Each structure stands twice: as C-alpha cells, then as structure tokens.
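Remarks on the structure that follows.
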Amino acid sequence: MNLSEEELTMAYNSVVNVAALLNSDCSLIHKKKNTPGAWTTVVMVRKRADAVEALEIRVACNSLS
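Going by the working numbering, the first residue of the sequence shown is number 56, and it counts up by one from there.
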C-alpha cells in the first residue's frame, strides 16, 4: 500500500476520530521515514483512565513507494 504523507495524516486523523467516539485517547507512538515515501507509523488508542478495564488498539502502517 502506497500512502503519501498527506494520506497517512488523513488516516491518523480518522483513528483520532474513532478514539474520540470510544471515549479514548490516541497517541502517535512512533513515525519514521524509512526511505523517500516509505513511512512506518505506530498509533496507540487507549481507553481513558476512568475505566476499570483498558482497551488498547495498536495500528501499524508501513507504506512503501
């Protein structure tokens, strides 16, 4: 899957919106440009601290052009 930085930003913003719907926090853990146009990104979605149980969703996207 080839994603430009703009497309990757839009995907991240979508995850942030999903996190808000789940009453969760979203954090960009790691973003690394391996080669021109090739990004590796790790995002963590974690249920807010007021919950008894934690829900964690991790998404990694590796884009090669």
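The beta-carbon is built from N, C-alpha and C at its ideal position, and this holds for glycine as well. Here the structure is a predicted model, which is why all the values come from computation and not from measurement.
Near the ligand NAP: residue i beta-carbon under 7 Å from a heavy atom
i: V73; result: As presented, the structure is devoid of all ligands, the ligand NAP included, so that no description of it is given.
Local conformation of residue i per DSSP, three classes
i: S59; result: coil
i: L83; result: strand
Beta-carbon contacts of residue i that lie in its chain and below 6 Å, excluding the five residues immediately before and after
i: H85; result: V97
Whether residue i touches residue j by CB criterion (8 Å)
i: D80; j: R113; result: no
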